[in-house]
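Input: a single structure, listed below in structure tokens.
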Amino acid sequence: MKIEVNQAVQEYPAPNGDGINRVLDGIDLTLDGGINMLLGPSGCGKSTLLKLMGGVRPLGVVSPTSGEVLIDGKPATGSHDDVVMVFQRYLNRPDLTVRENVAFPFRFKLWRDKVPVAERNERVDEMLEAVGLADKGSHRPSQLSGGQNQRVALARALVLRPKILLADEPFGALDAQIRAEMQQLLIDLIDKYPTNVVFVTHDITEALLLGDRVIVLSTPPANVADDIAIAEPRPRSENWLRSTEATRLSDRIIDLLRGHGPGTGGQVRVTV
Amino acid sequence: MWNPHEPLSAGTRRALGAVGLIIALLLWSGGNLMIDKGDYFLPAPWTVAAKLLSMLQAEGSLNLLTAVGWSLRRVLIAMVLVVGVGVPVGVLMGSSPRINAVLSPLVDPMRSAPIVAVLPIIVLWFGIEETAKVVFLWLGAAVFLIPMVRDAVVAVAREHLILAEDLGATPLEAIRHSVLPLAMPRIFDAIIVAVSIEWTYITVAEYVNAKAGLGYLIQTSKRLSANDGVFAGILVILLLALITDQVLKRLKRRLFPWEGEA
Chain V
2 MKIEVNQAVQ
12 EYPAPNGDGI
22 NRVLDGIDLT
32 LDGGINMLLG
42 PSGCGKSTLL
52 KLMGGVRPLG
62 VVSPTSGEVL
72 IDGKPATGSH
82 DDVVMVFQRY
92 LNRPDLTVRE
102 NVAFPFRFKL
112 WRDKVPVAER
122 NERVDEMLEA
132 VGLADKGSHR
142 PSQLSGGQNQ
152 RVALARALVL
162 RPKILLADEP
172 FGALDAQIRA
182 EMQQLLIDLI
192 DKYPTNVVFV
202 THDITEALLL
212 GDRVIVLSTP
222 PANVADDIAI
232 AEPRPRSENW
242 LRSTEATRLS
252 DRIIDLLRGH
262 GPGTGGQVRV
272 TV
Chain Z
136 MWNPHEPLSA
146 GTRRALGAVG
156 LIIALLLWSG
166 GNLMIDKGDY
176 FLPAPWTVAA
186 KLLSMLQAEG
196 SLNLLTAVGW
206 SLRRVLIAMV
216 LVVGVGVPVG
226 VLMGSSPRIN
236 AVLSPLVDPM
246 RSAPIVAVLP
256 IIVLWFGIEE
266 TAKVVFLWLG
276 AAVFLIPMVR
286 DAVVAVAREH
296 LILAEDLGAT
306 PLEAIRHSVL
316 PLAMPRIFDA
326 IIVAVSIEWT
336 YITVAEYVNA
346 KAGLGYLIQT
356 SKRLSANDGV
366 FAGILVILLL
376 ALITDQVLKR
386 LKRRLFPWEG
396 EA
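Just so you know, the sequences run in chain order V and Z. Heads up, the first sequence is in my numbering, so the first residue is 2 and it goes up one at a time. Heads up, the second sequence is in my numbering, so the first residue is 136 and it goes up one at a time.
Printed below as a string of structure tokens:
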């Protein structure tokens with residue numbers, strides 16, 4: 002499924018007093034399949050861009066301010082059945098069991114009408130199995146670790162069989178070892194349930210390990226500073242990360258984020 | 136001693152609480168013995184205790200249990216009404232900035248309004264019987280409950296709304312399934328506060344055309360200069376407020392065992 006971002010500009014009213022903050026500065030981007038990493042410094046507007054793709058209205062202002070974001074040729078306004086988001090915060094309902102959390106979207110009429118009851122239960126069972134929580138269905142989120150909670154959130158998204166998964170730094174709150182496990186899980190899940198992924202991160206290693214494409218955004222107002230294709234098949238090993246190819250890419254990205262590289266280089270002044 | 140996070144065992148906490156009570160009783164008794172006309176200005180604990188016992192045996196409206204029954208009844212009726220109106224209104228205000236903008240100038244200043252001064256107007260409109268008393272209690276608690284419920288709803292992280300919206304929820308579904316369940320513990324806290332406010336207003340409510348209730352007992356005792364009766368009445372109200380508070384807090388832990396884990 003194709004995501005097209007045409008000349009997308011996003012502006013917010015400045016938080017203190019009048020004036021306007023421009024976050025996205027006429028982004029042009031076409032994403033068509035695979036895992037696409039949106040990489041950029043904190044606050045560069047990568048989450049805003051992701052929310053535009055998800056059709057949720059950040060801060061309740063008109064979005065995008067100008068330009069357009071199209072999913073399969075149709076404007077990404079409102080909730081799109083084929084596009085589902087996961088966030089850094091797990092957002093599991095603490096009063097529901099793991100199973101009920103995975104089935105959470107079926108509380109909404111849209112999905113109740115779309116998926117018959119029997120199939121819902123089947124899908125929930127299948128997802129619990131797929132994320133390795135089959136034996137934790139009746140636990141509450143507070144009884145799970147952070148990684149397990151994020152597994153629940155992933156299952157809650159993939160139970161809808163989305164064509165596009167939008168992930169907003171989903172593993173940002175996890176420690177290194179768990180993050181590596183979750184990255185592997187994500188790769189496995191995507192093999193099983195083919196989904197295009199747009200994955201926001203500020204972690205260069207994560208971008209290199211997961212992405213078919215790494216789109217580097219500049220500091221706000223953000224534009225595309227670089228667009229890198231990585232052909233190396235997944236799972237990518239520690240050895241590959243130390244290879245000449247990977248270190249060269251990594252150096253190039255670090256340079257970009259520091260503002261010495263090509264693209265809109267001069268505007269990028271960030272220490273990573 | 137000076138560690139704000141020092142963990143106290145239940146036993147230590149109770150023992151220290153008992154120490155506080157004993158100190159209060161000692162000061163109270165000492166005051167009674169030292170003050171001139173102590174039995175008038177500060178009736179001793181044992182005088183008040185004796186009074187409580189005699190009130191238990193009194194006839195008619197002067198009977199302690201009858202009075203407790205009346206006061207409890209009024210507080211509970213007002214509680215049901217204040218929850219029935221206050222929670223939905225607060226939820227509406229919290230869910231829609233537009234509704235909040237309309238209602239907040241009407242509701243928010245009322246927290247500092249002299250509710251007691253409104254009593255004559257309530258009597259004018261609702262008469263001097265039960266209705267006026269319940270309306271007064273209702274008003275006194277509602278002006279606090281409504282803004283607290285509103286704040287509880289607003290306090291739910293907006294990411295939960297974004298998630299619901301992304302999953303295709305209608306705005307009402309998002310409020311019903313993502314906001315309200317998460318706001319419930321704080322809404323329940325607001326209800327606990329509202330009920331304790333009703334207890335503080337019960338005597339005022341029962342001053343008008345008092346024929347029964349704890350306020351009536353206190354007022355009657357005061358008229359007869361029987362200050363032991365006034366103290367007894369106040370103690371009973373404190374005790375009832377404490378019991379309702381504990382019952383509601385237990386209920387809250389039962390209803391929302393996951394609170395604080397979100």
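For each residue, glycine too, the CB sits at the ideal point set by N, CA and C.
Neighbouring residues, chain V, relative to residue i (Cβ below 8 Å)
i, result
"residue 332 (chain Z)", "By Cβ distance, chain V contributes nothing, its closest Cβ being about 28 Å from residue 332 (chain Z), past 8 Å."
"residue 298 (chain Z)", "86, 88, 92"
Within chain Z, partners of residue i - CB distance below 7 Å
i, result
"residue 55 (chain V)", "301"
"residue 111 (chain V)", "303"
Integer Cβ distance of residue i from residue j, believed to fall under 8 Å
i, j, result
"residue 37 (chain V)", "residue 214 (chain V)", "5 Å"
"residue 270 (chain Z)", "residue 248 (chain Z)", "Contact flag wrong, Cβ pair sits at about 15 Å."
"residue 376 (chain Z)", "residue 313 (chain Z)", "Incorrect: roughly 35 Å between the Cβ atoms, too far for contact."
"residue 221 (chain Z)", "residue 329 (chain Z)", "7 Å"
"residue 148 (chain V)", "residue 182 (chain V)", "7 Å"
"residue 162 (chain V)", "residue 134 (chain V)", "Going by Cβ atoms, the distance from residue 162 (chain V) to residue 134 (chain V) rounds to 18 Å, so no, they are not a contact pair."
"residue 1 (chain V)", "residue 308 (chain Z)", "Because residue 1 (chain V) is not part of the residues shown, which for chain V are 2 to 273, the question remains open."
Three-state class that DSSP yields for residue i in the structure shown
i, result
"residue 319 (chain Z)", "helix"
"residue 170 (chain Z)", "coil"
"residue 1 (chain V)", "Nothing about residue 1 (chain V) can be read from this structure; chain V reaches only from 2 to 273."
"residue 89 (chain V)", "coil"
"residue 272 (chain V)", "Confidence is the limiting factor: at residue 272 (chain V) the pLDDT is only 38, short of 50, which leaves the residue's position unreliable and the question unanswerable from this model."
"residue 169 (chain V)", "strand"
"residue 119 (chain V)", "helix"
"residue 27 (chain V)", "strand"
"residue 356 (chain Z)", "helix"
"residue 264 (chain V)", "At residue 264 (chain V) the pLDDT is 45, less than 50, meaning the model places this residue with poor confidence; the figure from the coordinates comes in the next sentence. In this structure, residue 264 (chain V) counts as coil in the three-state DSSP scheme."
"residue 380 (chain Z)", "helix"
"residue 44 (chain V)", "coil"
"residue 3 (chain V)", "strand"
"residue 32 (chain V)", "strand"
"residue 137 (chain Z)", "coil"
"residue 336 (chain Z)", "helix"
"residue 160 (chain V)", "coil"
"residue 231 (chain V)", "coil"
"residue 218 (chain V)", "strand"
"residue 102 (chain V)", "helix"
"residue 258 (chain Z)", "helix"
"residue 249 (chain Z)", "coil"
Close beta carbons around residue i, own chain, < 6 Å, minus the five adjacent residues each side
i, result
"residue 264 (chain V)", "Residue placement at residue 264 (chain V) cannot be trusted, given a pLDDT of 45 that sits under 50; what the coordinates show is reported in the next sentence. Closer than 6 Å at Cβ, skipping near neighbours: 226, 227."
"residue 45 (chain V)", "218, 220, 221, 223"
"residue 344 (chain Z)", "263"
"residue 178 (chain Z)", "362, 363, 366"
"residue 283 (chain Z)", "325"
"residue 230 (chain V)", "214"
"residue 86 (chain V)", "55, 167"
Partners in chain V for residue i, counting only beta-carbon separations shorter than 7 Å
i, result
"residue 393 (chain Z)", "95, 96, 141, 143"
"residue 294 (chain Z)", "88, 90, 92"
Cβ-based neighbour list, residue i, same chain, cut-off 8 Å, excluding 5 preceding and 5 following
i, result
"residue 261 (chain V)", "Residue placement at residue 261 (chain V) cannot be trusted, given a pLDDT of 48 that sits under 50; what the coordinates show is reported in the next sentence. Cβ neighbours of residue 261 (chain V) beyond the five flanking positions: none."
"residue 175 (chain Z)", "360, 362"
"residue 195 (chain V)", "none"
"residue 7 (chain V)", "29, 68, 69, 70, 71"
"residue 216 (chain Z)", "269, 273"
"residue 150 (chain V)", "91, 93, 142"
"residue 12 (chain V)", "21, 22, 23, 24, 62, 66"
"residue 391 (chain Z)", "319, 320, 323"
Chain-order list of residues whose beta-carbon lies under 7 Å from that of residue i (same chain, five-residue window excluded)
i, result
"residue 205 (chain Z)", "347, 348"
"residue 43 (chain V)", "203"
"residue 140 (chain V)", "98, 99"
"residue 173 (chain V)", "89"
"residue 201 (chain V)", "39, 47, 48, 51, 168, 169, 170"
"residue 394 (chain Z)", "320"
"residue 397 (chain Z)", "Residue placement at residue 397 (chain Z) is poorly supported in this model, since its pLDDT is 47, which falls under 50; the coordinates are not used for a value here."
"residue 218 (chain Z)", "326"
"residue 170 (chain Z)", "176, 177"
Beta-carbon neighbours of residue i, restricted to chain Z and to distances below 8 Å
i, result
"residue 82 (chain V)", "303"
"residue 106 (chain V)", "302, 303"
Within chain V, the residues that residue i reaches when beta carbons sit closer than 9 Å
i, result
"residue 140 (chain Z)", "The premise fails here: residue 140 (chain Z) is roughly 21 Å from chain V at the closest Cβ pair, so nothing lies under 9 Å."
Any non-hydrogen atom of the ligand SAM within 6 Å of residue i CB
i, result
"residue 352 (chain Z)", "As presented, the structure is devoid of all ligands, the ligand SAM included, so that no description of it is given."
If you measure beta-carbon to beta-carbon, which residues of the stretch 303-324 of chain Z are closer than 9 Å to chain V?
303, 304, 305, 308, 309, 311, 312, 313, 316, 317, 319
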